[in-house]
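Contents: one structure, followed by commentary.
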Amino acid sequence: MNTLHGLPSNEPIHVLVRVYIVKALDLHPMDLNGKADPYIVVQLGSKKISDKENYISKQLNPVFGKCFEVEATFPQDSMLTINILDWDLVGSDDIIGETRIDLENRFYSRHRATCGLQKRYEL
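Positions in the sequence shown are counted from 1; adding 10 to them yields this note's numbering.
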């Protein structure tokens, strides 16, 4: 930290980001049977992790229980994108939902990484 002005340094910061995906609720049905086959894709900068091989069949309230680790450098790799996609046997997979989190903003905020996180999750 630059103590003179209270501003962060301009030097790149290397971090290990852990993304915990517990569960999803009330996903939009994407298949003709009124269900979905959801899986997770996590992207941070040029790094992309797809958990397609672990899709959850016929589920609108999937419990993922996953932890993904990604190395990043701020400010270059600051936007974390989490997608839930619907696995399809034929054709391309459909996107069910997406969220984006500015990790650099969260890192430098006074709340750091704890802002908005529950201490306990009920499955």
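Beta carbons: idealized from backbone N, C-alpha and C, even for Gly.
query	result
Bridge-paired residues (DSSP) for residue 89	112
CA-to-CA distance, residue 116 to residue 90, given in whole angstroms	11 angstroms
N-terminal and C-terminal residue of the beta strand (DSSP E) that residue 24 is part of	23-33
Reduced DSSP secondary structure (H/G/I, E/B, other) of residue 62	helix
Distance, residue 50 Cα to residue 105 Cα	10 angstroms
Cutoff 6 angstroms; reference residue 24; Cβ partners in own chain excluding five residues on either side	83
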